[in-house]
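Step one of this worksheet: look at the structure below.
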Amino acid sequence: MVRVYHEEDSNVDILKDKTIAVIGYGNQGRAQALNLRDSGLRVIIGNRDDKFQGIAKKDGFSTYTIEEAIELANVIFILIPDEVIKDLFNFLIKDLIKPNSALVFASGYNIGFNLISPPKNIDVLLLAPRMIGVGVRENYLNHEGFFSFVGIEQDYTGHSLEILLALAKAIGTLKKGAIEVTFKQEAELDLFNEQGFGPAFGRVLLSAIYTLIEAGYPPEAVLVELYMSKEMSYTYKKMAEIGLIKQVDYHSQTSQYGAMSRGIKYRKIPLKPIMREILKNIQDGLFTKEWEKNITKLKFKAIKFFATKQKINKLEKKVRKSLGLKTFNIYDEKPPTEEEMAKLKDISEELKQFEAFYE
Numbered sequence: 011m012v013r014v015y016h017e018e019d020s021n022v023d024i025l026k027d028k029t030i031a032v033i034g035y036g037n038q039g040r041a042q043a044l045n046l047r048d049s050g051l052r053v054i055i056g057n058r059d060d061k062f063q064g065i066a067k068k069d070g071f072s073t074y075t076i077e078e079a080i081e082l083a084n085v086i087f088i089l090i091p092d093e094v095i096k097d098l099f100n101f102l103i104k105d106l107i108k109p110n111s112a113l114v115f116a117s118g119y120n121i122g123f124n125l126i127s128p129p130k131n132i133d134v135l136l137l138a139p140r141m142i143g144v145g146v147r148e149n150y151l152n153h154e155g156f157f158s159f160v161g162i163e164q165d166y167t168g169h170s171l172e173i174l175l176a177l178a179k180a181i182g183t184l185k186k187g188a189i190e191v192t193f194k195q196e197a198e199l200d201l202f203n204e205q206g207f208g209p210a211f212g213r214v215l216l217s218a219i220y221t222l223i224e225a226g227y228p229p230e231a232v233l234v235e236l237y238m239s240k241e242m243s244y245t246y247k248k249m250a251e252i253g254l255i256k257q258v259d260y261h262s263q264t265s266q267y268g269a270m271s272r273g274i275k276y277r278k279i280p281l282k283p284i285m286r287e288i289l290k291n292i293q294d295g296l297f298t299k300e301w302e303k304n305i306t307k308l309k310f311k312a313i314k315f316f317a318t319k320q321k322i323n324k325l326e327k328k329v330r331k332s333l334g335l336k337t338f339n340i341y342d343e344k345p346p347t348e349e350e351m352a353k354l355k356d357i358s359e360e361l362k363q364f365e366a367f368y369e
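Residues 11 to 369 (this note's numbering) are what the sequence shown spells out, left to right.
Printed below as a string of C-alpha cells:
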C-alpha cells in the first residue's frame, strides 16, 4: 500500500544545523525558499547574475553563484528547469557536492530516465509539489498545505527519510499530504498529464468552441461560457475537494441529468488506445530519447510557431478586447530560420502535418 506522510511523521528540528541552498529562484525556487526560511531554517540562494538573483536579494536572502552555494550547503534543492539540469549537473554541480549532503529534486525526470548519475556518497531525494510556485507559497501562508510526491533514490547517510520529511514539512506540504513514489513514477505521471490528458482536453475544448460559433452563437458568449468565466476552475476545485461525481450536486438537476444522460454518447471514442500508446512511449523512454535530440529542439520551435498561428488565437484576442480584458501578444514567436529549416528537411512531411493541424 502506498505511503502517505503527514505533519506528525516529521520533525523540522533535525535541519536546524544545516545550510540549505536553493539553486534557481524562479517560481518554485522563490516559493520553497521563502517557506523554508519561514519555517526557521537557514537558506541561501544559488543563482546566476540575473533578475531572479535581484529578486532574491530584495527578499532578504544571501545570494551566491551556483558553485559557491553548493560548496556552502549540506542540503541542495535543484529548482531549475528539467532541460537545463543535465548539462549544469554534469559539468558543474556533480563535482562540487560534499559527501553526506542531500540533493533534492522537484522533478523525477533526469534521475528517472538516467540522464544524470549523482555521486554515490550523498542522499538523493524527491520533493515534488503538485502545485505551481504561487500556490506553494499561498497554501503555506494560509496553512492549507498542498499535495506533493516524495521519494528516495539513494540513502547514503541512513537518515534520508527523516531529512526528506523534515524538508517536506518545512515547505508546507505535509499539512495536505506527501505521497511516496519513485523518481520514474513521478516523471511518468507528470509527462502523461502533459501529453495524454492535456492535449485531449484541449481538443475537446476547441471542438466545443467551433461547434457553437459555427451554430451562430456570439464568440464572446461562447468563450465566456466555456472557460473565460472561470466557472470550470470552480468545478475542478470542487472535484478535488469532494469528488469527481459528488461535485455535480453543486449544479441544477437539469444540468446533472443533461451531463449524465449525454455522456454515454462519448463512450465509443477510442481515447484509451491513444492514451496507452502515449504512456508506453513515456515508460519505455522513447519520448526522452526523442526530446534529448538536438533536432527535436528545432522541431519544437517550428511546432510552437505553427501553434501561435491558430485561428483561436486571433479569435481570443478579439474577444478579450471586446470584453475589455487584457490582451497578450503571442505572435512574437519567431519561425525557424532558413538554415534551421534545412536541418529539418528530413521531417518536412511531419512538419506539414503539424502546420495543417494547427490551422
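All C-beta atoms, glycine included, are put in the ideal place defined by N, C-alpha and C.
Predicted model only: the values in this text are computed from it and were never measured.
- Within the region 270-358, not a single complete beta strand (DSSP E) segment reaches 3 residues in length.
- In the three-state reduction of the DSSP assignment, valine 232 falls in the helix class, which pools H, G and I.
- Taking tyrosine 368 as the centre and dropping the five residues before and after it, the same chain places the C-beta of Phe316, Ala317 and Gln320 closer than 6 Å to its C-beta, in chain order.
- By DSSP's assignment, glutamine 257 forms no beta bridge with any residue.
- Below 8 Å, too few C-beta pairs join the region 214-221 and the region 171-187 to call them touching: fewer than three.
- Of all alpha-carbon atoms in Asn291, Leu333 and Glu349, the one lying nearest the alpha-carbon of phenylalanine 123 is that of Asn291.
- For glutamate 190, the beta-bridge partners assigned by DSSP are Val160.
- Within the same chain, Cβ atoms closer than 6 Å to the Cβ of phenylalanine 71 are found at Ile55, the five residues on either side in sequence being excluded.
- Taking the Cα of valine 214 as reference, the smallest distance to any Cα among Gly168, Ile279 and Ala83 is reached at Ile279.
- Put simply, the backbone Cα of glutamine 164 is about 22 Å away from that of proline 91.
- Aspartate 69 sits in coil when the DSSP states are folded into three classes, being neither helix nor strand.
- Contact between the region 24-42 and the region 74-88 is established, with three or more Cβ pairs separated by less than 8 Å.
- Counting C-beta pairs with one atom in each stretch, the region 111-121 and the region 183-197 have three or more that are closer than 8 Å, which means they touch.
- The continuous beta strand (DSSP E) containing proline 139 extends over residues 133-139.
- In this structure, the straight-line span from the alpha carbon of isoleucine 274 to that of glutamate 224 is close to 24 Å.
- Of Phe101, Glu287 and Lys186, the smallest CA-CA separation from alanine 250 is found for Lys186.
- Residue nearest to threonine 183 within the set Glu154, Lys282 and Asp48 is Glu154 (criterion: CA-CA distance).
- At least 8 Å separates the beta-carbon of leucine 113 from that of isoleucine 126.
- Linking aspartate 48 to glutamine 38 through their CA atoms gives a straight-line distance of about 15 Å.
- With respect to the 8 Å criterion, leucine 289 and phenylalanine 202 are classified as neighbours on the basis of their beta carbons.
- Beta-bridge annotation (DSSP): threonine 29 is paired with Arg52.
- Pairing glutamate 230 with asparagine 323, the inter-Cα distance amounts to about 13 Å.
- Distance check between lysine 130 and each of Pro109, Phe297 and Gly143 places Pro109 closest, using alpha-carbon atoms only.
- DSSP places leucine 125 outside both helix and strand once states are collapsed to three, so it counts as coil.
- At least 8 Å separates the beta-carbon of serine 158 from that of leucine 174.
- Sixteen is the threshold: since fewer than 16 other Cβ atoms of the shown chains lie within 10 Å of the Cβ of methionine 270, the residue is exposed.
- Tyrosine 15 is positioned such that its CB atom lies closer than 8 Å to that of alanine 188.
- Judged by DSSP in its simplified three-state form, isoleucine 86 adopts strand.
- In the three-state DSSP reduction, leucine 184 falls in the helix class (H, G or I).
- Partner residues in a beta bridge of tyrosine 119, as assigned by DSSP, do not exist.
- Under the DSSP assignment, glycine 34 falls outside any alpha helix (DSSP H); it carries neither an H nor an E label.
- Cα atoms of glycine 295 and aspartate 200: separation of roughly 14 Å, rounded to the nearest angstrom.
- The beta carbon of glutamate 343 lies closer than 7 Å to those of Lys314, Phe315 and Thr318 in the same chain, with the five residues before and after it left out.
- With respect to proline 346, leucine 354 sits close: the two C-beta atoms are nearer than 8 Å.
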